[in-house]
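Visitor: I'd like to ask some things about the structure below.
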Amino acid sequence: MKILVFTEKPFAPAAVKAIADTVNTSGNELELVEGGTHADLLEAVKNAEGLIVRSDKITSEIMDAAPKLKVIVRAGAGYDNIDLDAATKHGICVMNTPGQNSNAVAELVFGMLVMMCRNQYNGKAGSELKGKRLGLYAFGQVGRNVARIAKGFGMEVSALDKFVPDVMMEGEGVKPLHDAKELFSQNEFVSLHIPATPETKGSIGYDLMMLMPKNGVLVNTARKEVIDEAGLMKALEERPDLRYVSDIKPDTAEEFEKKFAARVFFTPKKMGAQTAEANFNAGVAAAEQVIAYLKDGWNKYQVNK
-5 MKILVFTEKP
5 FAPAAVKAIA
15 DTVNTSGNEL
25 ELVEGGTHAD
35 LLEAVKNAEG
45 LIVRSDKITS
55 EIMDAAPKLK
65 VIVRAGAGYD
75 NIDLDAATKH
85 GICVMNTPGQ
95 NSNAVAELVF
105 GMLVMMCRNQ
115 YNGKAGSELK
125 GKRLGLYAFG
135 QVGRNVARIA
145 KGFGMEVSAL
155 DKFVPDVMME
165 GEGVKPLHDA
175 KELFSQNEFV
185 SLHIPATPET
195 KGSIGYDLMM
205 LMPKNGVLVN
215 TARKEVIDEA
225 GLMKALEERP
235 DLRYVSDIKP
245 DTAEEFEKKF
255 AARVFFTPKK
265 MGAQTAEANF
275 NAGVAAAEQV
285 IAYLKDGWNK
295 YQVNK
């Protein structure tokens, strides 16, 4: 069976080799398309029965062009780049690879936190993380890794996640919170790990930011869609002490950077999972999941109905 790996943002070379070895050992055929166009994808997917992608948009049009396609695996946790309703209508199983990128994202959170606390290393005195309060918006795989690292910095950690029982958070030394107002008002630092859903899109803006203690920092390694950019900009204008850092450029990034200079920072591309280790782990997991589904219908991480 043909398994297509299509990625605008290529996997690390070691990950590509491991994926190829995994697919070839299984007796399936691998096609690799890196940095391809939309037209390239429409052509390549025609005979594919399995598809592995990263942040690439997989629409109904692409599925229409792939009559043999049975399974799509997103090498990573987020899967809002895949049209799940269309996949269900086409009878295609969609899976993600939860946990494979979690440590990479968590480490990036602290890389950006330290950078902002030290004023982007401009030579002026900054502040330390030790003894400060960190709030996590969602306590999944990434949130748990962030909490683990935060303890090494000597931080006090709390979290908001309606799907995680209080006792589970408490067992990991994390204080459970129960609404977003608590999260923002009680923490100097807030780290977002929520998915982009109808409930969360545009939910982080002026009202919540204005609740943050003095010198508050918001870190977003989740999705840009959860931010109300106009509301966030208004809060930054009214509160010169607030800062925002993200590995996802907002739509109005140039305006943010022009108005707020060193108080904001955005990576050129989404960087949370951009490590050799995360590439390798997610890529191999995706290959193994595609193979298992094609062989015997294994679908533990299916995200569509």
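Each residue of the sequence shown is one higher than the one before, counting from -5 in this note's numbering. Backbone N, C-alpha and C define an ideal beta-carbon position, used for all residues, glycine too.
List the whole-angstrom C-beta distance separating VAL39 from LEU78, where the pair is believed to meet the contact cut-off of C-beta under 8 Å.
Guide: By 1-based counting over the sequence shown, the position of residue 39 is 45. By 1-based counting over the sequence shown, the position of residue 78 is 84. With a Cβ gap of about 17 Å, VAL39 and LEU78 do not count as contacting.
Visitor: Could you pull the start and end residues of the beta strand (DSSP E) that ILE46 belongs to?
Guide: Counted from its first residue, the sequence shown places residue 46 at position 52. Here the beta strand (DSSP E) through ILE46 covers 44 to 47.
Visitor: My output table needs one value for ASN97: the three-state DSSP class, helix, strand or coil.
Guide: For the purposes of this step, residue 97 is taken as residue 103 along the sequence shown, with counting starting at 1. Three-state result, ASN97: helix.
Visitor: Determine the direct distance from the alpha carbon of GLU150 to that of ALA144, and round the result to whole angstroms.
Guide: The residue given as residue 144 occupies position 150 in the sequence shown. The residue given as residue 150 occupies position 156 in the sequence shown. So the two alpha carbons sit approximately 8 Å from each other.
Visitor: DSSP three-state call for VAL158: helix, strand or coil?
Guide: Against the sequence shown, residue 158 aligns to sequence position 164. Looking at VAL158 - three-state DSSP - the assignment turns out to be coil, as it is neither helix nor strand.
Visitor: Taking contact to mean at least 3 C-beta pairs separated by less than 8 Å, is the segment 110 to 119 in contact with the segment 171 to 181?
Guide: Not touching, per the Cβ criterion.
Visitor: Buried or exposed: which applies to PHE157, given that a residue is buried once 16 or more other Cβ atoms fall within 10 Å of its Cβ?
Guide: Residue 157 sits at position 163 when you count from the first residue of the sequence shown. So PHE157 counts as exposed.
Visitor: Return the Cβ separation of GLN283 and THR19 in integer angstroms, given the expectation that the two are a contact with Cβ distance under 8 Å.
Guide: Position 289 of the sequence shown holds residue 283. Position 25 of the sequence shown holds residue 19. In fact, because the Cβ distance is near 15 Å, the residues do not count as touching under 8 Å.
Visitor: Closest to ASN215 by CA distance: which of LEU205, LEU202, VAL184 and LEU226 is it?
Guide: Sequence index remark: in the sequence shown, residue 215 carries index 221 (1-based). Going by the sequence as given, residue 215 is Thr instead of Asn. Selected option, being the one with the closest Cα: VAL184.
Visitor: Can you tell me whether DSSP reads THR16 as helix, strand or coil?
Guide: As a working note, residue 16 is residue 22 in the sequence shown. Here THR16 sits in helix by DSSP.
Visitor: Between the alpha carbons of MET(-5) and ALA190, how many angstroms are there, rounded?
Guide: Here residue -5 is taken as the residue at index 1 of the sequence shown, counted from 1. Here residue 190 is taken as the residue at index 196 of the sequence shown, counted from 1. The straight-line gap from Cα to Cα measures roughly 33 Å.
Visitor: Measuring only the C-alpha atoms, how far is GLN94 from PRO4?
Guide: If you number the sequence shown from 1, residue 94 lands on position 100. If you number the sequence shown from 1, residue 4 lands on position 10. Computed Cα separation, rounded: 17 Å.
Visitor: From the DSSP output, in three-state form, read off VAL220 for me.
Guide: Position 226 of the sequence shown, counted from the start, is the residue given in the question as residue 220. The answer is helix: DSSP assigns VAL220 an H, G or I state.
Visitor: Does DSSP classify ALA132 as helix, strand or coil?
Guide: Here residue 132 refers to the residue found at position 138 of the sequence shown. Here ALA132 sits in coil by DSSP.
Visitor: Pick helix, strand or coil for ALA174, following the three-state DSSP scheme.
Guide: By one-based count along the sequence shown, residue 174 stands at place 180. It is helical.
Visitor: When you compare the segment 198 to 207 with the segment 221 to 229, are there three or more beta-carbon pairs, one atom per stretch, that lie closer than 8 Å?
Guide: The segment 198 to 207 is in contact with the segment 221 to 229.
Visitor: Whole angstroms is fine: what's the gap from HIS32's alpha carbon to VAL10's?
Guide: Indexing the sequence shown from 1 puts residue 32 at position 38. Indexing the sequence shown from 1 puts residue 10 at position 16. Those two C-alpha atoms are separated by around 21 Å.
Visitor: Does the segment 267 to 275 touch the segment 244 to 251, meaning 3 or more C-beta pairs lie closer than 8 Å?
Guide: No: fewer than three Cβ pairs fall under 8 Å.
Visitor: In chain order, what residues of the same chain lie with their CB nearer than 7 Å to the CB of TYR73, ignoring the 5 residues before and after it?
Guide: To locate residue 73, count along the sequence shown from 1; it is residue 79. Excluding sequence neighbours, TYR73 sits near VAL88, ASN90 and VAL297.
Visitor: Please name the residue in ALA280, ALA286 and TYR131 whose C-alpha comes closest to that of THR1.
Guide: By 1-based counting over the sequence shown, the position of residue 1 is 7. Of the candidates ALA280, ALA286 and TYR131, the one whose C-alpha sits nearest the C-alpha of THR1 is ALA280.
Visitor: Can you tell which of ARG217, ARG48, ARG112 and LYS263 has its C-alpha closest to the C-alpha of PRO192?
Guide: Start at 1 with the first residue of the sequence shown, and residue 192 comes out as number 198. If we check each option's Cα against that of PRO192, ARG217 comes out closest.
Visitor: Between the C-alpha atoms of TYR295 and VAL65, what's the straight-line distance to the nearest angstrom?
Guide: Here residue 295 is taken as the residue at index 301 of the sequence shown, counted from 1. Here residue 65 is taken as the residue at index 71 of the sequence shown, counted from 1. For TYR295 and VAL65, the distance between alpha carbons rounds to 12 Å.
Visitor: If you count every other CB in all the chains shown that lies within 10 Å of the CB of ASP155, and 16 or more means buried, which is it?
Guide: Residue mapping note: residue 155 aligns to position 161 of the sequence shown, counting from 1. Buried is the call here.
Visitor: Can you tell me whether LYS126 is buried or exposed? The criterion is at least 16 other CB atoms within 10 Å of its CB, across all chains shown.
Guide: As a position in the sequence shown, residue 126 is number 132, starting the count at 1. Under this definition LYS126 is a buried residue.
Visitor: Mark VAL140 as exposed unless 16 or more other C-beta atoms lie within 10 angstroms of its C-beta, in which case mark it buried.
Guide: Your numbering for residue 140 matches position 146 in the sequence shown. Label assigned to VAL140: buried.
Visitor: Cβ of GLU80 within 7 Å of Cβ of MET57?
Guide: Numbered from 1 along the sequence shown, position 86 holds the residue referred to as residue 80. Numbered from 1 along the sequence shown, position 63 holds the residue referred to as residue 57. For the record, residue 80 in the displayed sequence is Ala; it is not Glu. Yes.
Visitor: Please name the residue in LEU128, GLY146, LYS51 and VAL161 whose C-alpha comes closest to that of SER152.
Guide: In the sequence shown, the residue the question calls residue 152 occupies position 158. The shortest Cα separation from SER152 among LEU128, GLY146, LYS51 and VAL161 belongs to LEU128.
Visitor: From the DSSP output, in three-state form, read off VAL124 for me.
Guide: As a first step, residue 124 is located in the sequence shown; it is residue number 130 there, counting from the start. The sequence shown places Lys at residue 124, rather than the Val named in the question. DSSP places LYS124 in coil when its eight states are reduced to three.
Visitor: In the DSSP output, which residue or residues are listed as bridge partners for MET89?
Guide: As a working mapping, residue 89 is identified with position 95 in the sequence shown. VAL67 and GLN296, per the DSSP bridge assignment.
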